[in-house]
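Under UniProt numbering, think of the first position of the sequence shown as 1, with each following residue one higher. Beta carbons: idealized from backbone N, C-alpha and C, even for Gly. Below: one structure, written as structure tokens.
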Amino acid sequence: MNPKLPYVLLVAAAVIIFILSCMLLSRGRQPPGCESQPSVVEKTGSMSQSLVFADLTPEEMSQVVRYLRGNLGVQLVDASRAKPSDNCIASVDLQVPAKAEVLRFLDAGGARPPREALAVLYFGKQAEPNISELVVGPLPTPVYHRDVTVQKYGGKLPYHRRPALGSEYEQLGVFLETVAFAAAPTFLREVFEYDGTNVAFQDTVPHGFQSGDRLTWFVVFQNVSGFFVHPLGLEVLVDHSSLDISQWAVSRVFYNGQYYRDMVQLESAYVQGRISVEKVRKAPWDGDFSSMKPRAPAAALFPVQYEPQGPRYSVSNNHVVFQAWSFAFGMSVSSGLRLFDIRHKGERVAYEISVQEALSVYGSNCPGGMSTRYMDGSFGLGRYTSPLVRGVDCPYLATYVDTHALSDSLRPQERKASLCIFEHNLGSPLRRHYSNLQSLYYGGLVNSALVIRSIATVGNYDYVWDFIFYQNGAMEGKVQATGYPSSSFLHGDGLRYGNRLWEHTLGTIHTHFVNYKVDLDVGGVKNSLVAHDMAFEMTRAPWSPEQQIERPRLTKKVLDTEDQAAFRLQSKMPRYIYFAANSKNKWGHQRGYRIQITSFAGDHIPEASSMERAISWARYQLAVTRRKEEEPTSSSIYNQNDPWTPTVTFADFINNETITNEDLVAWITAGFLHIPHSEDIPNTVTVGNSVGFLLRPYNYYDLDPSIYSHDGVFFTNEQDFTACEINPLACLPKTASCLPNFPPFTYDGFRNM
Numbered sequence: 001m002n003p004k005l006p007y008v009l010l011v012a013a014a015v016i017i018f019i020l021s022c023m024l025l026s027r028g029r030q031p032p033g034c035e036s037q038p039s040v041v042e043k044t045g046s047m048s049q050s051l052v053f054a055d056l057t058p059e060e061m062s063q064v065v066r067y068l069r070g071n072l073g074v075q076l077v078d079a080s081r082a083k084p085s086d087n088c089i090a091s092v093d094l095q096v097p098a099k100a101e102v103l104r105f106l107d108a109g110g111a112r113p114p115r116e117a118l119a120v121l122y123f124g125k126q127a128e129p130n131i132s133e134l135v136v137g138p139l140p141t142p143v144y145h146r147d148v149t150v151q152k153y154g155g156k157l158p159y160h161r162r163p164a165l166g167s168e169y170e171q172l173g174v175f176l177e178t179v180a181f182a183a184a185p186t187f188l189r190e191v192f193e194y195d196g197t198n199v200a201f202q203d204t205v206p207h208g209f210q211s212g213d214r215l216t217w218f219v220v221f222q223n224v225s226g227f228f229v230h231p232l233g234l235e236v237l238v239d240h241s242s243l244d245i246s247q248w249a250v251s252r253v254f255y256n257g258q259y260y261r262d263m264v265q266l267e268s269a270y271v272q273g274r275i276s277v278e279k280v281r282k283a284p285w286d287g288d289f290s291s292m293k294p295r296a297p298a299a300a301l302f303p304v305q306y307e308p309q310g311p312r313y314s315v316s317n318n319h320v321v322f323q324a325w326s327f328a329f330g331m332s333v334s335s336g337l338r339l340f341d342i343r344h345k346g347e348r349v350a351y352e353i354s355v356q357e358a359l360s361v362y363g364s365n366c367p368g369g370m371s372t373r374y375m376d377g378s379f380g381l382g383r384y385t386s387p388l389v390r391g392v393d394c395p396y397l398a399t400y401v402d403t404h405a406l407s408d409s410l411r412p413q414e415r416k417a418s419l420c421i422f423e424h425n426l427g428s429p430l431r432r433h434y435s436n437l438q439s440l441y442y443g444g445l446v447n448s449a450l451v452i453r454s455i456a457t458v459g460n461y462d463y464v465w466d467f468i469f470y471q472n473g474a475m476e477g478k479v480q481a482t483g484y485p486s487s488s489f490l491h492g493d494g495l496r497y498g499n500r501l502w503e504h505t506l507g508t509i510h511t512h513f514v515n516y517k518v519d520l521d522v523g524g525v526k527n528s529l530v531a532h533d534m535a536f537e538m539t540r541a542p543w544s545p546e547q548q549i550e551r552p553r554l555t556k557k558v559l560d561t562e563d564q565a566a567f568r569l570q571s572k573m574p575r576y577i578y579f580a581a582n583s584k585n586k587w588g589h590q591r592g593y594r595i596q597i598t599s600f601a602g603d604h605i606p607e608a609s610s611m612e613r614a615i616s617w618a619r620y621q622l623a624v625t626r627r628k629e630e631e632p633t634s635s636s637i638y639n640q641n642d643p644w645t646p647t648v649t650f651a652d653f654i655n656n657e658t659i660t661n662e663d664l665v666a667w668i669t670a671g672f673l674h675i676p677h678s679e680d681i682p683n684t685v686t687v688g689n690s691v692g693f694l695l696r697p698y699n700y701y702d703l704d705p706s707i708y709s710h711d712g713v714f715f716t717n718e719q720d721f722t723a724c725e726i727n728p729l730a731c732l733p734k735t736a737s738c739l740p741n742f743p744p745f746t747y748d749g750f751r752n753m
């Protein structure tokens, strides 16, 4: 044996051990953490200028309250404890300055408009109770106020139109429990096992049948998780029109298909055995079938999106910049998410894009269901914006923004993480082509877009509001509906009005309509409305005259008046309809932005209805009108409780005025019909319940602006597509092999309830 052999073997063994150790150590070592790179964003104007649209700060809200309490000469009670006969501040929000003032400031170096607040006050403790709207300013230290009620609405606002305060609902709850229910103790105890805590109430609107009414049906449910689908068959009509709570009374009672004069008559009929009782199985506290607790254990984690080099967008106060896009955002107490000064490549394409109203019209054979027409702006799409859950409501690593509101209180309420902003890889190409003819190459661009989102929970429904910005200059407004379906007690011919969802639960048919205001400024403030479409024409083939060809051709029409630009809900609308600028692109076409609507709307309420004018915006899938400061919104928070004499009637905006070369606004309505079905249990999913609109450049640019995106990919068969300098995707093992920094999970949705 060679004497050197043992030494050679020892050295070889040592080398092998060293190599294996290195492999094990490298395998166990975590990748480095992701590091943010300097954002590459275009300069799109001063971020400080966007503050002209910024929501009021908590300090500003408090200053407005302090000023009003000290300068109106009347006592203002905290709205959270106010009786109908008190004076109180219902809400305080930003008074958005006039557009002309803002544009002088933004574009012409003019003075910054004074910062002001709009306060809604209920004056119940007066000889003539009324609602007043006061503009208070300048902020942050107000010294003046002016009453704008008559200027805005043409007269005083009757007190019965006021949206109900939380305190009024609390007082109604006390009335139902201590007065109404006290009149039927035997019925409630034996039929519902009522103990004072095990029922919940849901109110219906509007309150009655004519102006001045304040009569509300309260539907009684089991007080369990997801109570909206646990009806008990009892509904109570309360007349609470008097400002004296002691004068409130039960006007009618409904139980299991039968009507009674009041709870006393119901109790008497039950004791005498003259009632057909339908016992409902008592549900556990978690709601049983309505519980949203997962029925399966946790398993492999779902995919999580992260940004290996940090966010590619910036958020400063209320100003967002993403690649060629920039905009300001805000949150209206009544109508929710709104955007201002939306620019692409530094040029304004829209002045304002905002949610206006959300409407639901229900059918049922129970009184509460059949009389329900919810106008959610009255309750407050912004007021009920809910805190967002990281990783579900928005991507875990999104930017979360706190918002504030002053409503039903003297103190501002903070809503933590109630708005989110994130870049979203849609997992598909924005555009692509694979060439295997003539030349061999691949070119494509990932469809990565910026999303700004809020979610409003108004009673049983959750509305997911998105505005989405794409790299090709297109922008989308979208709403997705989820939450619980509203329900009625299943009896009689109930299946004419929906589907059976559980033993006693009727999922009631209803419509959803959402209205948006889109104030486009395409290439400037003055625009015209143009429609392009197609028609087939017959022609002889020039090379073979005996043959005919049917060929599509382009049709063009300028829509000159508001009447021509008002398209009824189910009517045929031109496929291409766009705001045209007074400038042309390189190819001689008017620069434009096209409106494309995604909607599956049910039918609008018949115009013969006594309340239809209050929701007349829903007549139209699209209506384009001249922009007017005195027509700022399509609806009003006061329409809900007096739809018979509406405070704002959108149909009156359309009066055949000329809309050629004018400042125009598009009012867009999208919606869907919802017939609840068994898969709406435990609650409704967003899939298929998404509607909205797209704004798309139409000859606005000389070519697709996304060709200048840094995300483009292109390589040929002659290039080394595994090289980073040729194909950035080849660098992913190096550029994206990092661990994102996930902040600890927190949630503030259960605080300060």
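Endpoints, the alpha helix (DSSP H) within which residue i is located
i           : result
residue 71  : 58-71
residue 263 : 263-271
residue 169 : 166-175
residue 100 : 99-107
residue 534 : Careful: residue 534 lies outside any alpha helix (DSSP H), inside the beta strand (DSSP E) at 528-541.
residue 497 : Taken as a continuous stretch (DSSP letters only), residue 497 belongs to no alpha helix (DSSP H), as it is neither H nor E.
residue 369 : 367-370
Per-residue burial, residue i [other beta carbons within 10 Å of its own, 16 or more giving buried]
i           : result
residue 422 : buried
residue 589 : exposed
residue 194 : buried
residue 587 : exposed
residue 666 : buried
residue 48  : exposed
residue 180 : buried
residue 120 : buried
Strand pairing of residue i, partner residues [DSSP]
i           : result
residue 491 : Answer is none; residue 491 lacks a bridge partner.
residue 348 : 343
residue 88  : 77, 122
residue 441 : 435, 716
residue 567 : 622
residue 130 : 123, 158
residue 231 : 221
Cβ-based neighbour list, residue i, same chain, cut-off 7 Å, excluding 5 preceding and 5 following
i           : result
residue 187 : 266, 267, 270
residue 537 : 551, 553
residue 568 : 619, 620
residue 596 : 693, 694, 696
residue 566 : 620, 623, 654
For residue i, the first and last residue of its enclosing beta strand (DSSP E)
i           : result
residue 556 : 544-559
residue 475 : 475-483
residue 331 : 325-332
residue 379 : Residue 379 -> not in any beta strand (DSSP E); alpha helix (DSSP H) instead, spanning 376-379.
residue 621 : 620-626
residue 591 : 590-598
residue 413 : 413-437
residue 669 : 664-674
residue 406 : 399-407
C-beta neighbour in chain B for residue i, strict 7 Å
i           : result
residue 104 : As a matter of chain content, chain B is missing from the structure shown, which is built from one protein chain.
Sequence-distant residues of its chain with Cβ nearer than 6 Å to residue i (five each side left out)
i           : result
residue 369 : 362, 488, 508
residue 636 : 647, 648
residue 642 : 161, 211
Same chain, Cβ closer than 8 Å to residue i, neighbours up to 5 away in sequence not counted
i           : result
residue 8   : Its pLDDT being 48, under 50, residue 8 is placed unreliably in this model, and the value from its coordinates should be taken loosely. Around residue 8: no qualifying Cβ.
residue 285 : 224, 225
residue 176 : 201, 218, 236, 238
residue 214 : 160, 207, 208, 239, 240, 241, 641
Original post:
Taking one C-beta from the stretch 237-244 and one from the stretch 670-689 each time, how about it: are there three or more such pairs within less than 8 Å?
Top reply: no
Subject >> Cβ contact (3+ pairs, closer than 8 Å) linking the stretch 318-325 and the stretch 338-354 >> reply: yes
Original post:
Three or more beta-carbon pairs under 8 Å between the stretch 104-118 and the stretch 56-68, yes or no?
Top reply: yes
Original post:
Do three or more CB pairs link the stretch 414-428 to the stretch 79-92 at distances below 8 Å?
Top reply: Contact fails: fewer than three Cβ-Cβ distances are below 8 Å.
**OP:** Flag this pair as touching only if the stretch 153-170 and the stretch 130-138 have three or more C-beta atom pairs under 8 Å; answer yes or no.
**Re:** yes
Original post:
Between the stretch 245-255 and the stretch 505-519, do at least 3 Cβ pairs fall closer than 8 Å?
Top reply: no
Original post:
Given 8 Å as the limit, is there contact between the stretch 605-615 and the stretch 576-585, that is, 3 or more CB pairs closer than that?
Top reply: no
Original post:
Can at least three beta-carbon pairs, one atom from the stretch 394-402 and one from the stretch 299-315, be found at a separation below 8 Å?
Top reply: yes
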